[in-house]
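For reference, the structure discussed in these notes is given below.
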Amino acid sequence: MEVASRSPATRLMLTPTAPYDFGLALSYLRTSPSAVLERISEAGVYERALRLEGQPILLRLWSEGTIAAPRLALEVRGACVTPALTACAARRVRHIFLLDEDPTPFFALAARDAILGGLLRGLPGMRPLLIADPFEALLWAILGQQVHVRFARTLKRALVDLCGATLSVDGAAYPLLPEPAAVAALDEATLRGRQFSRQKASYVVTLARAVAEGTLRFDALRALPPEEALAQLTAYKGVGRWTAEYVLMRGFGAPDSLPAADVGLRAIIGRAYGLGRTATEAEVRERAEVWAGWRGWAAFTWWLALQRETESGPAGTRR
DNA sequence: ATCCAGGCTCCTG
DNA sequence: CAGGAGCATGGA
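Mapping of the first sequence onto my numbering: position 9 corresponds to residue 174, and the numbering continues sequentially without gaps.
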């Protein structure tokens, strides 16, 4: 399936709350295993196709400001880009990159923690980045369960490959996230042939069906108190506490949602706080109490640190 | 081979 | 209710 477009682009400026480092977001996306639908150019342009109100469009985003005085240019392209759709795209971008959040309270809180505060001093303008679509966040969390993220990326690519559409703009092709109905229609055997375990295949198809049928509604969950949203999510087979917390944080942007069982988080916290071993989930939760209100932001900060470690880290860990 | 990876379910005590 | 065995898959 292919959707072509050669209509002119609409463009507008976005002004994030300061300080904001868009370059940091880009460098995160460049090596983030979950980012298979984004394209980041060397010139610093973020490109991503997604559906807005059913319309496939292409987002192009780049910085025209500084960390202290951030300004982002947004360009929207698609078959019929109306002013309303452009406004919708701008809202979406502001949400994905959390452009309207005030980071000051988080930095103030983190400064009281010598270790986290020290880490953040090297990351001025840091801000968490959401996964562009809540359904995508849920899929990614399932795919990432108990496997190396590198392999999770392979699985995500397979999913996009099997049932994702493509948006073509000026001759370039941009992959779209598969729609829930398309994932729901997949044969589990097909997924198994693409290296999905039985569980992952079953979880993914079942959840996609729930989303397609409207049983699982992200906008409804988003409006709920976190504990209730977690409870509703974990009612689904294959969705445990870690997955639900991950969806709240990376899918909804819940600032205080901490996937404490995360092995990466446990490992880096064990190292950073000198435990000499991987921290337990309970230890992570304990340590995180001083970050209350911003535990999700703290988690993202640690993931960022983790990513930087593995990039420039001990020889042989690349690839 | 063995161990581990951005866990989950299900079954014990 | 806490803790742990067993589970599926690929990569180092």
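Backbone N, C-alpha and C fix where the C-beta goes; we use that ideal spot for every residue, glycine too.
Keep in mind it's a predicted model, so treat the numbers as computed, not measured.
Does DSSP put residue i in a helix, a strand or coil?
i, result
"E344", "coil"
"Y211", "strand"
"R204", "strand"
"Q364", "helix"
"L264", "coil"
"L356", "helix"
"L430", "helix"
"R196", "Residue identity differs from the one stated: residue 196 is Thr in this sequence, not Arg. Helix at T196."
"V412", "helix"
"P390", "coil"
"A183", "coil"
"C253", "helix"
"V369", "helix"
"T380", "coil"
"V258", "helix"
"R436", "helix"
"A400", "coil"
"T269", "helix"
"P424", "coil"
"G405", "coil"
"R374", "helix"
"G188", "helix"
"A233", "coil"
"A275", "helix"
"A244", "coil"
"A385", "helix"
Which residues does DSSP list as the beta-bridge partners of residue i?
i, result
"M178", "A238"
"P221", "R216"
"L226", "Y211 and L239"
What does the Cβ neighbour count give for residue i, buried or exposed, with the cut at 16 atoms within 10 Å?
i, result
"S206", "exposed"
"I280", "exposed"
"T466", "buried"
"S262", "Just to set this straight, residue 262 is Phe in the shown sequence, not Ser. Buried: at least 16 other Cβ atoms inside 10 Å."
"P270", "exposed"
"E378", "exposed"
"M291", "buried"
"T380", "exposed"
"S197", "buried"
"F361", "buried"
"G441", "exposed"
"D427", "buried"
"D326", "exposed"
"A388", "exposed"
Secondary structure, alpha helix (DSSP H): runs of 4+ residues fully inside the stretch 440-482: Annotation note: the stretch 440-482 contains the following uninterrupted alpha helix (DSSP H) runs of length 4 or greater, listed N- to C-terminal: 446-453 and 460-477.
Count Cβ pairs between the stretch 363-370 and the stretch 305-324 that sit closer than 8 Å; are there 3 or more? yes
Curious, which full-length alpha helix (DSSP H) runs of at least 4 residues does the stretch 281-352 contain? Listed in chain order, the complete alpha helix (DSSP H) runs (minimum 4 residues) inside the stretch 281-352 are 299-308, 314-328 and 345-349.
Count Cβ pairs between the stretch 238-248 and the stretch 424-438 that sit closer than 8 Å; are there 3 or more? The stretch 238-248 vs the stretch 424-438: no contact.
Across the stretch 321-341 and the stretch 189-203, are there enough close Cβ pairs to call them in contact, namely three or more that are closer than 8 Å? yes
Hey, is the stretch 251-258 in contact with the stretch 280-289, meaning 3+ C-beta pairs nearer than 8 Å? no
Would you call the stretch 295-309 in contact with the stretch 406-420, where contact means no fewer than 3 C-beta pairs closer than 8 Å? Because the criterion of three Cβ pairs below 8 Å is met, the stretch 295-309 and the stretch 406-420 touch.
Does the stretch 220-229 come close enough to the stretch 331-346 that 3 or more CB-CB pairs lie under 8 Å? Because the criterion of three Cβ pairs below 8 Å is met, the stretch 331-346 and the stretch 220-229 touch.
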